[in-house]
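Residue numbers (full-length UniProt numbering): 1 to 271.
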Amino acid sequence: MKIRVATYNIHKGVSSIRAEPRVLALKQAIGMFDADVVFLQEVQGKHDLKAAKYGAEQLGHKHWPAAAQHEYFAGESRHLHAAYGMNAIYDHGHHGNALLSAFPIANQANHDVSDHAYEQRGILHCVLHTPSGPVHCYVVHLGLFEGSRRRQTQALISAVRESAPNGEPVVIAGDFNDWRNTLSDELRNALGVVEAFDEIGSSSALDGVLRTLRRKSSVNPARTFPAGLPFFRLDRIYVRGFKVDTAEVMHGSLWAKLSDHAPIVASLTLA
Numbered sequence: 001m002k003i004r005v006a007t008y009n010i011h012k013g014v015s016s017i018r019a020e021p022r023v024l025a026l027k028q029a030i031g032m033f034d035a036d037v038v039f040l041q042e043v044q045g046k047h048d049l050k051a052a053k054y055g056a057e058q059l060g061h062k063h064w065p066a067a068a069q070h071e072y073f074a075g076e077s078r079h080l081h082a083a084y085g086m087n088a089i090y091d092h093g094h095h096g097n098a099l100l101s102a103f104p105i106a107n108q109a110n111h112d113v114s115d116h117a118y119e120q121r122g123i124l125h126c127v128l129h130t131p132s133g134p135v136h137c138y139v140v141h142l143g144l145f146e147g148s149r150r151r152q153t154q155a156l157i158s159a160v161r162e163s164a165p166n167g168e169p170v171v172i173a174g175d176f177n178d179w180r181n182t183l184s185d186e187l188r189n190a191l192g193v194v195e196a197f198d199e200i201g202s203s204s205a206l207d208g209v210l211r212t213l214r215r216k217s218s219v220n221p222a223r224t225f226p227a228g229l230p231f232f233r234l235d236r237i238y239v240r241g242f243k244v245d246t247a248e249v250m251h252g253s254l255w256a257k258l259s260d261h262a263p264i265v266a267s268l269t270l271a
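Listed below in structure tokens is the structure:
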């Protein structure tokens, strides 16, 4: 079975400069991934202030849809299944992680991994019902502080071990905020996952040796932040039980206008 997955921090549906609404353009852009499963972070489930400001009919369409963003992105025309994990709650709304899937979502659970009062974080776990059996998907958005990320990574490892036993196929994707790349070895050793950009390349014997040597040192995820001129390696796709066929960062002026993160898209084959 082949599946195409994407991960994208959408910055709550507003541009990184002047916070202009980008929800309509984001829906079109997500469709461009042509992905079976989309992992989304900073998804606005509700925002009364922006709905009041941008929700009125303007130029024949709404700049801020009435539905929650994950429901709007799934849309009637695309017939996707959607799940949402509410993490940050405030007076005028809430946001969190979401998953869009072409496969039915058999069940879902949101794990609170908030490490302190100033950052509300969660791990959204969804089990997809695919023709080849269950696939476990974990949408991740880790904290800004290294100590928090380490503790949240331990919570992620525990969640995967408990909910995806016996080596069942796993995709873990999202915004790890791990700009110094200190977490890949821990995840790889504890869960048997590989990072998508560490796996792509030729299938020659020499390439396999080089990949093995790289794994003994460090993985080099893609540069995804800031979207206009990506430098920091914040966003990742880790997999277990899949072969990574392709992986790419979506670059260019379009993506720079939509969010502060550039999205990643990868094509996988069930091993």
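Beta carbons are placed, not taken as given, at the ideal position from N, Cα and C, and that holds for glycine.
**Asked** Based on Cα-Cα distance, which residue from Glu119, Pro21, Asn9, Val193 lies nearest to His63?
**Response** Pro21
**Item:** Proximity winner among Leu99, Leu124, Ala102, relative to Asn110 (alpha-carbon distances)
**Value:** Leu124
**Asked** What first and last residue would you give for the alpha helix (DSSP H) that runs through Gly143?
**Response** Premise fails: Gly143 is in no alpha helix (DSSP H) and is neither H nor E.
**Prompt:** Which runs of the beta strand (DSSP E) fall wholly inside the region 164-207 and span at least 3 residues, in chain order?
**Reply:** 170-175
**Message:** Quick check on DSSP: helix, strand or coil for Tyr72?
**Reply:** Residue state for Tyr72 is assigned as helix, using DSSP reduced to three classes.
**Asked** In angstroms, rounded to a whole number, what distance separates the CA positions of Ala222 and Arg233?
**Response** Cα to Cα, the separation comes out at about 5 Å.
**Asked** Between Met86 and Asp112, what straight-line distance do the alpha-carbon atoms span, to the nearest angstrom?
**Response** 9 Å
**Asked** Between which two residues does the beta strand (DSSP E) harbouring Ile264 extend?
**Response** 264-270
**Request:** Within its chain, find whatever has a CB closer than 6 Å to the CB of Asn107; leave out the 5 residues flanking it on each side and keep chain order.
**Result:** Excluding residues within five positions, the ones whose Cβ falls inside 6 Å are Val127.
**Message:** From the DSSP secondary-structure annotation, give me the bridge partner or partners of Gln120.
**Reply:** Gln120 is not bridged to any residue.
**Prompt:** Alpha carbon to alpha carbon, how far is Pro226 from Val135?
**Reply:** 31 Å
**Asked** Is His61 helix, strand or coil by DSSP?
**Response** In this predicted model, His61 has a pLDDT of only 49, less than 50, meaning its place in the structure is not dependable; the value taken from the coordinates is given anyway. Correct three-state label for His61: strand.
**Asked** Which whole-angstrom value is the C-beta distance of Val265 and Ala35, which I expect to be below 8 Å?
**Response** 6 Å
**Prompt:** Quick one: Cα of Thr130 to Cα of Ala88, how far?
**Reply:** 31 Å
**Request:** Spatial neighbours of Ile3 within its chain, please: CB distance less than 7 Å, with the 5 preceding and 5 following residues excluded, ordered by chain position.
**Result:** Asp36, Val37, Leu268.
**Item:** Between the CA atoms of Gly241 and Gly133 - distance to the nearest angstrom
**Value:** 12 Å
**Prompt:** Opposite Ala88 in the DSSP bridges: which residues?
**Reply:** His95
**Prompt:** Should Ser148 go down as buried or exposed, given a rule of 16 or more other Cβ atoms within 10 Å for buried?
**Reply:** buried
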